[in-house]
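See structure below.
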Amino acid sequence: MNKGLKVAVIGGGSSYTPELIEGFIIRAKELPVDDIYLVDIEEGKEKLSIVGELAKRMFFKAGLKTRVHMTLDRKEAIEDADFVITQIRVGGLEARARDERIPLRYNVIGQETTGPGGFAKAIRTIPVILDICRDIEELSPDAWLINFTNPAGIITEAVLRYTNVKTIGLCNVPIGMVNNVAKILNVDSKRVRIEFVGLNHMVYGKEIYLDGKNITSTVLKKLSDSALINMNNIPDLNWDKDFIYSLGMLPCPYHRYFYMTDEILEEEIKAFQSGEGTRAQQVMKIEKDLFEKYKNPSLDEKPKELEKRGGAYYSDAAVSLISAIYNDKEEIHTVNVRNNGAISNLPDDVVVEINSVISKTGAKPIAFGKLPIKINGLIQQVKSYELLTVKAGVTGDYYTALMALIANPLVPSVKIAKKILNDILVQNRDYLPQFK
Ligand code: G6P
């Protein structure tokens with residue numbers, strides 16, 4: 001019999017952890033986990049203990065013997081781990097609120113993963129993730145790193161470029177889109193398959209199948225008749241019918257930031273001025289309530305309120321991926337992985353979000369061919385921005401950082417890019433040791 005697995009969750013005190021625990025419980029038969037190490041930092045100690053105790057109660061209720069360890073010692077958790085999951089937020093929600101507010105001051109989208117907000121999050125996170133990877137290289141070189149940390153595509157790009165860690169980047173957007181399409185069609189999501197291609201938070205559903213039959217045009221028709229495909233954290237704005245018709249593919253919810261920039265900006269400004277605040281401020285409130293719930297010693301399951309967060313289906317995406325690797329399933333998942341020729345008009349060595357075959361050797365992207373001209377320009381531009389961001393995050397070079405922001409399609413001019421960058425560098429001083 002196989003020995004049970006050791007899983008390390010870096011950022012284990014996150015309010016999302018019960019999602020993950022639920023995923024492990026549901027798949028306990030196919031994925032025998034002996035030990036889960038929830039790791040956090042000193043500032044997250046209290047949350048870690050609340051979430052850890054809830055995790056213990058959840059496993060107990062499920063009749064499982066999985067041991068939950070709570071620790072501030074990352075190395076202890078990583079040593080000999082089979083899987084390491086990273087779900088960290090460097091600087092916490094306060095830093096996210098700043099990321100969202102700085103661009104808004106200049107009438108630029110303020111979002112945690114796209115635009116300048118995502119850039120700020122990336123350069124804060126890259127040094128920390130690379131540090132975690134040094135520990136993995138040293139203490140569990142065979143472990144798989146499943147990265148959820150945002151901006152997930154950029155972080156995966158940094159790990160694959162600068163470390164030897166075996167990693168797969170993961171996001172809940174594709175699985176969320178499959179589930180949404182199934183809901184619109186009123187069918188079980190297992191019957192729906194989407195050919196995804198693009199980048200993280202910039203992924204398109206190129207073709208959509210129901211039981212193997214191509215139903216792309218039916219879904220697009222419903223989408224333009226206002227069947228919304230969205231996530232909790234993005235303003236619910238309808239797509240333009242003519243746009244959907246001419247695109248001929250399913251955009252992801254995050255594409256609204258790029259194709260509906262002015263409308264989204266208006267929504268963000270409205271929310272900010274009305275006192276509702278940016279998404280980080282809303283999430284702070286949701287989190288506060290969540291942790292109050294988690295503290296209740298009689299709670300032994302994931303509370304419903306967690307579904308108000310953008311990360312719905314997160315456990316499904318993460319744990320089914322881990323199971324596909326562990327059980328060598330050769331199953332198709334949509335992940336962030338090195339392109340390796342799958343998209344012929346992108347370099348081989350860049351990270352893309354694409355359907356891939358998952359086995360114990362990792363993720364093999366399925367050949368797609370050339371990106372259609374309609375989406376090629378935007379993807380190429382965002383990829384340039386991502387590569388420059390990774391370089392800036394590693395080197396701390398001001399000029400590379402400036403060029404990264406200038407390359408971002410959501411930044412309107414050099415003048416604005418400079419102002420935003422200067423604000424980001426000043427307001428994140430404590431988290432940017434690489435920028436002297
Ligand atoms: C979606 C995205 C994640 C993001 C989350 C934010 O799930 O795919 O990348 O972290 O939304 O949700 P929140 O509730 O924190 O705004």
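First residue of the sequence shown: 1, per full-length UniProt numbering; consecutive thereafter.
C-beta: ideal position from N, C-alpha, C; glycine also.
Computed from a prediction, not measured in an experiment: that's the story for all the values here.
Contact defined as beta carbons within less than 8 angstroms: I believe residue i pairs with residue j. What is the distance between those atoms, to the nearest angstrom?
| i | j | result |
| --- | --- | --- |
| residue 38 | residue 48 | 6 angstroms |
| residue 440 | residue 280 | Shown here, the chain extends from 1 to 436; a query on residue 440 therefore has no answer. |
| residue 163 | residue 130 | 6 angstroms |
| residue 95 | residue 428 | 7 angstroms |
| residue 355 | residue 332 | 5 angstroms |
| residue 353 | residue 203 | 5 angstroms |
| residue 109 | residue 268 | 7 angstroms |
| residue 33 | residue 90 | Going by Cβ atoms, the distance from residue 33 to residue 90 rounds to 27 angstroms, so no, they are not a contact pair. |
| residue 337 | residue 357 | Residue 337 to residue 357, Cβ: 10 angstroms. No contact. |
| residue 371 | residue 173 | Rounded, the Cβ-Cβ distance is 18 angstroms, inconsistent with contact. |
| residue 205 | residue 250 | 3 angstroms |
| residue 145 | residue 84 | 5 angstroms |
| residue 290 | residue 263 | Not quite, the Cβ-Cβ distance comes to about 30 angstroms (not below 8 angstroms), so this is no contact. |
Could you spell out the range, first to last residue, of the alpha helix (DSSP H) harbouring residue i?
| i | result |
| --- | --- |
| residue 99 | 92–105 |
| residue 82 | Here residue 82 belongs to no alpha helix (DSSP H), and DSSP marks it neither H nor E. |
| residue 244 | 241–247 |
| residue 54 | 45–61 |
| residue 428 | Note, residue 428: premise wrong, no alpha helix (DSSP H); not H, not E. |
| residue 186 | No alpha helix (DSSP H) contains residue 186, which DSSP labels as neither H nor E. |
| residue 134 | 115–139 |
| residue 293 | 279–295 |
| residue 149 | Premise fails: residue 149 is in no alpha helix (DSSP H) and is neither H nor E. |
| residue 317 | 314–326 |
| residue 392 | 373–395 |
Tell me the rounded alpha-carbon separation between residue i and residue j.
| i | j | result |
| --- | --- | --- |
| residue 1 | residue 325 | No answer about residue 1 holds up, because its pLDDT of 44 lies below 50 and its placement is not dependable. |
| residue 77 | residue 314 | 22 angstroms |
| residue 64 | residue 51 | 17 angstroms |
| residue 43 | residue 430 | 15 angstroms |
| residue 86 | residue 242 | 40 angstroms |
| residue 72 | residue 40 | 5 angstroms |
| residue 306 | residue 8 | 22 angstroms |
| residue 111 | residue 191 | 33 angstroms |
| residue 417 | residue 219 | 38 angstroms |
| residue 442 | residue 19 | Residue coverage of the chain in this structure runs from 1 to 436, which leaves residue 442 outside it and unanswerable. |
| residue 228 | residue 253 | 9 angstroms |
| residue 80 | residue 415 | 49 angstroms |
| residue 398 | residue 385 | 14 angstroms |
| residue 435 | residue 389 | 13 angstroms |
| residue 115 | residue 60 | 43 angstroms |
| residue 6 | residue 133 | 17 angstroms |
| residue 160 | residue 394 | 13 angstroms |
| residue 292 | residue 299 | 11 angstroms |
| residue 258 | residue 29 | 42 angstroms |
| residue 184 | residue 223 | 9 angstroms |
| residue 194 | residue 175 | 9 angstroms |
| residue 118 | residue 25 | 32 angstroms |
| residue 180 | residue 46 | 35 angstroms |
| residue 396 | residue 3 | 43 angstroms |
| residue 189 | residue 182 | 5 angstroms |
| residue 150 | residue 113 | 6 angstroms |
From which residue to which residue does the beta strand (DSSP E) around residue i run?
| i | result |
| --- | --- |
| residue 334 | 331–338 |
| residue 169 | 166–169 |
| residue 203 | 202–210 |
| residue 197 | 192–199 |
| residue 354 | 351–359 |
| residue 398 | No beta strand (DSSP E) contains residue 398, which is instead part of the alpha helix (DSSP H) from 398–407. |
| residue 33 | 33–39 |
| residue 261 | Residue 261 -> not in any beta strand (DSSP E); alpha helix (DSSP H) instead, spanning 261–273. |
| residue 365 | 362–365 |
Buried or exposed, going by whether 16 or more other CB atoms sit within 10 Å of the CB of residue i?
| i | result |
| --- | --- |
| residue 420 | buried |
| residue 410 | buried |
| residue 323 | buried |
| residue 361 | exposed |
| residue 27 | buried |
| residue 319 | buried |
| residue 22 | buried |
| residue 367 | exposed |
| residue 373 | exposed |
| residue 432 | buried |
| residue 304 | exposed |
| residue 348 | exposed |
Answer with yes or no whether the minimum CB distance from residue i to chain C is below 7 angstroms.
| i | result |
| --- | --- |
| residue 298 | This model lacks chain C altogether; it includes just one protein chain. |
*asked:* Is it the case that the segment 9–28 contacts the segment 284–296, given that we only count it when at least three CB pairs across the two stretches are under 8 angstroms?
replied: Segments in contact, yes.
*Hey, is the segment 209–222 in contact with the segment 161–178, meaning 3+ C-beta pairs nearer than 8 angstroms?*
Cβ pair count under 8 angstroms is below three, so no.
_Any 3 or more C-beta pairs closer than 8 angstroms across the segment 43–60 and the segment 100–111_ = Verdict: no, contact absent.
*asked:* If contact is defined by three or more beta carbon pairs under 8 angstroms, each pair taking one atom from either stretch, is the segment 393–404 in contact with the segment 109–126?
replied: They touch, by the three-pair rule.
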